[in-house]
Amino acid sequence: MNTLNFAYQQGPFDQWIHGVAATLGTSAENNTIKIPKQAGEGYVKAMAIQPGLSFAMGNFLCNVDVQLQIKDNDKNGYILYFRKLDIQDKYVFYLGDVMKETSEENYEAALLLSSRMDHSFEFKKGTQVMSLAIYMEEEWMNNNIDPVSRERLQEYVANGINNYNKEVLTAKHKRIIETMLREDLKLPLSNLFLQTRAYRLTENFLNGVLTRSDKDVTISVTESDMIKLISVENILVENCMNEFLSVEELSKIALMSETKLKKLFKQVYGMGLYEYYQKNRMHKAKEMLLSGKYKISEIGIKLGYSNLSNFSVAFKKEFGCLPSEYKSGNQIRA
Numbered sequence: 164m165n166t167l168n169f170a171y172q173q174g175p176f177d178q179w180i181h182g183v184a185a186t187l188g189t190s191a192e193n194n195t196i197k198i199p200k201q202a203g204e205g206y207v208k209a210m211a212i213q214p215g216l217s218f219a220m221g222n223f224l225c226n227v228d229v230q231l232q233i234k235d236n237d238k239n240g241y242i243l244y245f246r247k248l249d250i251q252d253k254y255v256f257y258l259g260d261v262m263k264e265t266s267e268e269n270y271e272a273a274l275l276l277s278s279r280m281d282h283s284f285e286f287k288k289g290t291q292v293m294s295l296a297i298y299m300e301e302e303w304m305n306n307n308i309d310p311v312s313r314e315r316l317q318e319y320v321a322n323g324i325n326n327y328n329k330e331v332l333t334a335k336h337k338r339i340i341e342t343m344l345r346e347d348l349k350l351p352l353s354n355l356f357l358q359t360r361a362y363r364l365t366e367n368f369l370n371g372v373l374t375r376s377d378k379d380v381t382i383s384v385t386e387s388d389m390i391k392l393i394s395v396e397n398i399l400v401e402n403c404m405n406e407f408l409s410v411e412e413l414s415k416i417a418l419m420s421e422t423k424l425k426k427l428f429k430q431v432y433g434m435g436l437y438e439y440y441q442k443n444r445m446h447k448a449k450e451m452l453l454s455g456k457y458k459i460s461e462i463g464i465k466l467g468y469s470n471l472s473n474f475s476v477a478f479k480k481e482f483g484c485l486p487s488e489y490k491s492g493n494q495i496r497a
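The opening residue of the sequence shown carries number 164 in the working numbering; numbering runs sequentially from there.
Right, here's the structure in full:
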């Protein structure tokens, strides 16, 4: 097997997964496929969230070239993709006859398409894929989204290929997806955990699109600029335990002016550079508290706070309670 081809019309993912299993020459147990060694290493799982809303998630290494071809299903639904790739060679996306290709080592983005749009994805051998896809059927849309918002979504997807690379994976998106992919699928409540997280991602993404004002999209973001912004965002997230890099330093990394970087970053990620860094810093503190491995004072010091009261104030600003209150069992808001 040199290339794995899977062509289909989008349907509920909890049914779709059996077609994937047949293509791989295996079967799905509890709607989960362990990918055969000749095709890859990892798994794919699919579930219904509620009637008309389903998802598939996967974390796997491609041992062959993989091509997914999604054909017009003659239904007015939507498919929402969240992808994080470690690319080998290149990644290719087609929307109709229009092709987009990237050879960057890392790729991450969200993409909303109509299920009536022919599109395909090509992953080369050696590519690591972390993916979550959500299918919103027409009936679910009609029952859960008001007519004005549905019209706005229709206008949004009508932009077609212009939406490619338009929606980034925010740190919040990545945290949710990573917790889903790390979840022990054998735990009694794992299905409920995955369903609620997938629903939360759907709600978060759609709210972002529907509440975006016209002035938020006045600045054009090129594909090249988007790649630079993603690089800066990764630096802010990965270095949240270290001192904040100055805007001057970040602009040099991004190869753009400080003014342009600040404007584009806020447009794409919804907040300023330092605010984004600080938010992820506090979420790192929350993770450390959850682990039970650190004292509050240790966490504050590791995050660079010489004055622990400043750490407590910053934590409360983000989560609505002090670290000590959270550690004592108070619930923290997401």
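Using N, Cα and C, we set each Cβ at its ideal position, and we do this for glycine too.
Because the structure is a prediction, the values reported are computed rather than measured.
- Spatial neighbours of Ala211 in its own chain (CB-CB distance under 6 Å, excluding positions within 5 residues in sequence) are listed in chain order as Asp177 and Ser217.
- Collapsing the DSSP output to three states places Tyr439 in a helix.
- Gln213 is the residue among Leu167, Gln213 and Lys197 whose C-alpha sits nearest the C-alpha of Asn354.
- Below 8 Å, too few C-beta pairs join the stretch 240-251 and the stretch 188-200 to call them touching: fewer than three.
- In the three-state DSSP reduction, Ala477 falls in the helix class (H, G or I).
- The alpha-carbon of Asp237 is positioned some 6 Å away from that of Arg279.
- Residue pairing by DSSP puts Ile233 in a beta bridge opposite Tyr171 and His282.
- Taking 8 Å as the cut-off, the beta carbon of Met299 is found closer than this to the beta carbon of Gly240.
- Taking 8 Å as the cut-off, the Cβ atoms of Tyr257 and Ser283 count as close.
- Each of Val431, Leu276 and Asp347 was checked against the Cα of Glu386, and the nearest Cα belongs to Val431.
- The closest CA to that of Gln232, considering only Cys225, Glu285 and Leu274, is found on Glu285.
- Under the DSSP assignment, Gln291 falls outside any alpha helix (DSSP H), being part of the beta strand (DSSP E) whose first and last residues are Gln291 to Met299.
- Residue range Asn269 to Ser277 is occupied by the beta strand (DSSP E) that includes Asn269.
- Just measuring C-alpha positions, the residue of Ile198, Lys456 and Asn370 sitting nearest Asn307 is Asn370.
- Judged by their CB atoms, Leu427 and Leu413 are not nearer to each other than the 8 Å cut-off.
- Taking a cut-off of 8 Å on C-beta distances, the stretch 313-321 does not touch the stretch 253-273, as fewer than three cross pairs fall below it.
- 8 Å or more divides the Cβ of Leu275 from the Cβ of Asn325.
- A distance below 6 Å between beta-carbons, with the five flanking residues on each side excluded, links Asn402 to no residue of its chain.
- Here Arg246 carries a strand assignment [DSSP, helix/strand/coil].
- Around the beta carbon of Lys442, 16 or more other beta carbons sit within 10 angstroms, so the residue counts as buried.
- Assigned with DSSP and collapsed to three states, Val261 falls in strand.
- Shown here, Tyr432 sits in a helix according to DSSP, grouped into three states.
- Secondary structure of Val255 (DSSP, three-state): strand.
- Secondary structure at Glu406: coil, using DSSP grouped into helix, strand and coil.
- Distance from the Cα of Asp260 is smallest, within the candidate group Met451, Asp281, Phe245 and Ser266, for Asp281.
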